[in-house]
Every structure is written in structure tokens, then in C-alpha cells.
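Right, one structure below, let's go through it.
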Amino acid sequence: MMLAGRRRSGRARSAMAGNAYDPERARRFRDAALPHLDEVYTLARYLLRNATDADDAVQECYLRALRHFDTFRGGTVRPWLFAILRNVCNAGYAQRRFADQDIAEDAVPIWSETPETPEAHLLRHRDEQSIRDLVSALPEPFREALVLREVHDLSYREIAEIVAAPVGTVMSRLARARSMLRAAWMAAEEKGQ
Amino acid sequence: MMTCDEARVLLHALLDGELDAGHAREVETHVAGCPRCAAELAQFLEMRGTLSDANLSFTAPAALRSRIEAALPAPVVRAPWPSRRSLLKGFAFGTALSAAAAASVLFVVVRSDQDQLILGEIVSAHLRSLQAERLTDVPSSDQHTVKPWFSGKLAVAPPVADLTAQGFTLLGGRLDYIDGKPVAALVYRRRAHIINLFVAMAASLERGAARHETVQGFNIRRWNEHGLRFIAISDVSADELADFGAKFESASRAGA
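Keeping their order, the protein sequence lines are chains A and B. Residues 1 to 193 (this note's numbering) are what the first sequence spells out, left to right. Residues 194 to 449 (this note's numbering) are what the second sequence spells out, left to right.
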């Protein structure tokens, strides 16, 4: 709970006040960034897989975004916020996020043999909560790519900018993420969950 | 010839609409002749459909929202602009020559002032449409339903273009207010992004080439044609919005 501690200390608050003297700037930030709060929170939930950590990371993300709003030059706000959130998550939760189950990118086969079951429509039967669980169970960096594409509907180029990787890497991460998701999905179906 | 290994990566880019026409054709040709890759594509298409139908989003807790709002400085009513009368007064004692100069200076001052206000209103109207869940008054993807809906409500008949084939889906139309005047708002969707296209009467019949701006992170494209003023706003990239504007212009010119 590193960030929670910081939240309650006066440090974050005074840092904020120091930058917030300009009401016009604060208003612009509010109009531009607040409408994306749910989306930023959603990404945080998938990156951190924990509601409390997501809360803290999103708050820290908005504090940083306001501080750096001057450096935001055009473009769209959403990818910019996502990139900040990602930095917050990587910095604050590096150990938790990357230690548990990250795997080398090429350790995952890009595709596995399509299972013999012809029932592709089995894929339809899962409810939203279990789909969220399946997505959340994917290892990084595949989960991140999949969520940015399927949940946030970003283009490959936007994802590439956010995760600071080439577009080709984004494409192969997505291919692997979907193969893994399909395998997990079918395994869950077989268990009859 | 494309191998299965290549195809099985590229088919993801195909179903994400990220391939150029040439590569898309290559993948499609391979899939057409390879039942295993075809099965693969069909499954991922289906999975993709299920994922996009499911609501996988979370909603920020109210406590988090209010904590962030509290951390932001409270919105302050903007200081009023200096009145135009006081600007005029400064010139009132000059010669005829400086009065002429004053007129042109005044014109510039008033113009940019107005411009800022209108761009601000455009952004607010766009945000309002996204937040209030009142995106359309007449929800329809049929241009022949949307266009007549405006008649009798506005002094102008906005052209409505069907751009579905070009990747911009018509969601409907709405009556909105900019600068205190009713305007037509046409609503299009690009992937998950909403584009509002405001149409109002122009001051002149002159054709005005497109101008691009970014305000508060939103891209805006403005142009004039046929005595109408068009303002498109969205959070799609500037390139995509330019593409939208160009397609709308050529479609409405073809339909005119």
C-alpha cells in the first residue's frame, strides 16, 4: 500500500496546490481528463488486479497528469492518461506486477493447434464476470495489450505508443494473448464452470 | 506465398482492421485455401464478437471520483472579458485614419474572442452529449430518416452522409445549441469514438477550406460550404478526423 500512504500525507496535496493556481488551466484539465475516469480505472483494475491498488494508482495518475498538463500538446487525452497510469503502475507496483507471473515474450507459442472441438460457439456461453476473470488471469505483457485493444478499442499505433513498443510487437502480443485466452476459455468450458 | 505461421499472426491484424488492402488480400487468399487457418480466423472472430458484446469495463467508485474532484481546484467563474465598448472608447478620440485602423483592430479582437468562445462551446456541447446519455434525438443509421427529422426544427437542412462503408457509422441526429442558437448535430461513430458534427448557417456563401485545431485534447475540423458551417469534434486522432471531414465533404457534394 505504498501509494495509499502517500495519499494521506500532505506531500501530494501541496504538490497539487503548487500547480493549481491557474483556475483556467484546472478547468481545462477537469474537462479533458475527468470524462475518462472510468476508463482509466478500468485499465488500472486489469493492470493491478486489485480494487484498492487500482484506486490509489488512478488517483496518483490524475495528480501526475494535472502536474504535467502543460506538457500535453494536442492529440487525444485518453492514450496520454493511459501512458501515465502505466508509469504509475510500473513504478509503484513493480514488484507485485512483474514478479508474480510474467513470462518471457517468446516463451508463449504464437498459436496452438486449434482444439478438435468444433464448438466454437461454446465461446459464447460465458458470463461477463467469468470473462473478466479469464482476461485478468493472462500474464503481462499480453494482458495489457489485449485490454487496450478489446476493452479500450485503441489502434495498434496508439497501443504501441502507450507501451513503448513497436507496432509489430503489439501485433504478436495480441496474437499470443488471444491464443492464451482461447485456451483458458476452452479449459474453463470443459470443466463446466 | 504466405505461410501458416505468418498468416496466424496477421489474421489478428486483419480482424482488427489494421492491415492495408494488399496485406489483407494476401491473408484472405491464404485463409481461403487453408481450412486450419480459416477455422482459426472464425474462432477468433467469434471470440472477438463475444468480448466486444460483453461489458468488460469497471466503474470508478464514487469515493475515488470525489477524492479526485476534491483534489482539483474548484471551478471558478471566468473573469468577464473587457467589454467591446471600452475597447472602442480608446479609439473614439482619434482621427478618421485611426478610426479606420481602430475598426480593423476591433474586428480582429472581436473575431478571436468570439472564436475562443465558440470553440469552448463546441467542446462543452460534445462533452454534454457524451455524458448526459442524450447522444441522439433521432437515433437512426439511415440518412433518409435523419435528414427529414431536422426539417421544421431548423432554418437549415443539413446534408447527412452515409459513411458506413468508409468506417464511420451514422448513429443519428440531435438538436443542440451553440452560442445560444439551435444547430444540427450529426453523430457518427468510429470504433468506440464518437464524432459530433455540428451544422449551422454560415455568415456567407463562400466556401471555406478546412481548418484543424486541438482544444482541450479534442480534435476539431471546421469548414464552410453551400452557406453552411460545419464543425466536427472528436477524440479520434487528427488524421482520422481529417479523413472523416474529407469523406463527408465529398459524399455530401456527390449527394447535393
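Even glycine gets a Cβ: it sits at the ideal position worked out from N, Cα and C. These figures come from a predicted structure and were not determined experimentally.
So, does the stretch 361 to 381 of chain B touch the stretch 317 to 329 of chain B, judging by three or more C-beta pairs under 8 Å? Judged by Cβ distances under 8 Å, the stretch 361 to 381 of chain B makes contact with the stretch 317 to 329 of chain B, as three or more pairs qualify.
Within 8 Å of any Cβ in chain A, is that where the Cβ of residue 389 of chain B sits? Residue 389 of chain B sits at position 196 when you count from the first residue of the second sequence. Contact with chain A is absent for residue 389 of chain B, since none of that chain's Cβ atoms lies less than 8 Å from the residue's Cβ.
Nearest-angstrom Cα separation, counted from residue 48 of chain A out to residue 205 of chain B: If you number the second sequence from 1, residue 205 of chain B lands on position 12. If you number the first sequence from 1, residue 48 of chain A lands on position 48. C-alpha separation (whole angstroms): 26 Å.
Buried versus exposed call for residue 68 of chain A [16 or more other C-beta atoms within 10 Å across all chains shown]: On the first sequence, residue 68 of chain A is found 68 positions in, with the first residue counted as 1. Exposed is the call here.
Flag residue 163 of chain A as yes if its beta-carbon sits less than 8 Å from any beta-carbon of chain B, otherwise no. Locating residue 163 of chain A in the first sequence gives position 163, where the first residue counts as 1. Output row for residue 163 of chain A: interface = no.
Please state whether DSSP places residue 350 of chain B in a helix, a strand or coil. The residue you call residue 350 of chain B lines up with position 157 of the second sequence. Here residue 350 of chain B carries a coil assignment [DSSP, helix/strand/coil].
Could you tell me whether the Cβ of residue 84 of chain A comes closer than 8 Å to any Cβ of chain B? The residue you call residue 84 of chain A lines up with position 84 of the first sequence. The beta carbon of residue 84 of chain A does not come within 8 Å of any beta carbon belonging to chain B, so the residue lies off that interface.
Min CB distance residue 76 of chain A to chain B below 8 Å: Mapped onto the first sequence, residue 76 of chain A falls at position 76. Yes, contact with chain B.
Strictly under 8 Å for the Cβ-Cβ distance: is residue 224 of chain B near chain A by that measure? Taking the second sequence and counting its residues from 1, one reaches residue 224 of chain B at position 31. The C-beta of residue 224 of chain B comes no closer than 8 Å to any C-beta of chain A.
Using the C-alpha atoms, what's the distance from residue 362 of chain B back to residue 328 of chain B? As a working note, residue 328 of chain B is residue 135 in the second sequence. As a working note, residue 362 of chain B is residue 169 in the second sequence. Taking the straight line from one Cα to the other gives about 14 Å.
Count the other CB atoms within 10 Å of the CB of residue 197 of chain B; is the residue buried (16 or more) or exposed (fewer)? Here the question's residue 197 of chain B lines up with position 4 in the second sequence. Classification for residue 197 of chain B: exposed.
Exposed or buried, what is residue 235 of chain B when buried is set at 16 or more other beta-carbons lying within 10 Å of its beta-carbon? Here residue 235 of chain B refers to the residue found at position 42 when the second sequence is read from its first residue. The residue in question, residue 235 of chain B, is exposed, as its Cβ has fewer than 16 Cβ neighbours within 10 Å.
If you measure from the beta carbon of residue 145 of chain A to each beta carbon in chain B, is any gap under 8 Å? The count along the first sequence starts at 1 and reaches residue 145 of chain A at position 145. No, because no Cβ of chain B sits closer than 8 Å to the Cβ of residue 145 of chain A.
Please confirm whether residue 388 of chain B and residue 437 of chain B have their CB atoms less than 8 Å apart. As a first step, residue 388 of chain B is located in the second sequence; it is residue number 195 there, counting from the start. As a first step, residue 437 of chain B is located in the second sequence; it is residue number 244 there, counting from the start. For the 8 Å CB-CB criterion, residue 388 of chain B and residue 437 of chain B form a contact.
Backbone secondary structure at residue 389 of chain B - three-state DSSP: To locate residue 389 of chain B, count along the second sequence from 1; it is residue 196. Three-state result, residue 389 of chain B: strand.
Taking DSSP's pairing of strands, which residues face residue 451 of chain B in a bridge? No information on residue 451 of chain B is available, as it lies outside the stretch 194 to 449 that chain B covers here.
Please tell me whether residue 445 of chain B has its Cβ less than 8 Å away from any Cβ of chain A. Position 252 of the second sequence holds residue 445 of chain B. By this cut-off, residue 445 of chain B is not an interface position.
Is the Cβ of residue 132 of chain A closer than 8 Å to any Cβ of chain B? Position 132 of the first sequence, counted from the start, is the residue given in the question as residue 132 of chain A. Yes, residue 132 of chain A counts as interfacial toward chain B.
Name the residue from B:404, B:356, B:377 whose alpha carbon lies nearest to the alpha carbon of residue 346 of chain B. For this step, residue 346 of chain B is matched to residue 153 along the second sequence. The shortest C-alpha to C-alpha distance from residue 346 of chain B to any of B:404, B:356, B:377 is the one to B:377.
Under the assumption that residue 396 of chain B contacts residue 412 of chain B (Cβ atoms under 8 Å), give the Cβ distance between them as a whole number of angstroms. Taking the first residue of the second sequence as 1, we reach residue 396 of chain B at position 203. Taking the first residue of the second sequence as 1, we reach residue 412 of chain B at position 219. No, residue 396 of chain B and residue 412 of chain B are not in contact; Cβ-Cβ is about 24 Å, not under 8 Å.
Could you tell me the alpha carbon to alpha carbon distance between residue 82 of chain A and residue 40 of chain A, rounded to whole angstroms? Along the first sequence, read from residue 1 onward, the residue named residue 82 of chain A stands at position 82. Along the first sequence, read from residue 1 onward, the residue named residue 40 of chain A stands at position 40. For the pair residue 82 of chain A and residue 40 of chain A, the Cα-to-Cα distance works out to about 6 Å.
For residue 134 of chain A, I'd like the list of residues in its chain whose CB is within less than 8 Å of its CB, leaving aside the five on either flank, ordered along the chain. The sequence position of residue 134 of chain A within the first sequence is 134, counting from 1. Once the five neighbours on either side are set aside, the close Cβ partners of residue 134 of chain A are 126, 181, 184, 185, 188.
Do residue 441 of chain B and residue 323 of chain B have their beta-carbon atoms positioned less than 8 Å apart in this structure? For the purposes of this step, residue 323 of chain B is taken as the residue at position 130 of the second sequence. For the purposes of this step, residue 441 of chain B is taken as the residue at position 248 of the second sequence. No, they are not a contact pair.
DSSP-derived helix/strand/coil call for residue 406 of chain B: Locating residue 406 of chain B in the second sequence gives position 213, where the first residue counts as 1. Residue state, collapsed to three classes: strand.
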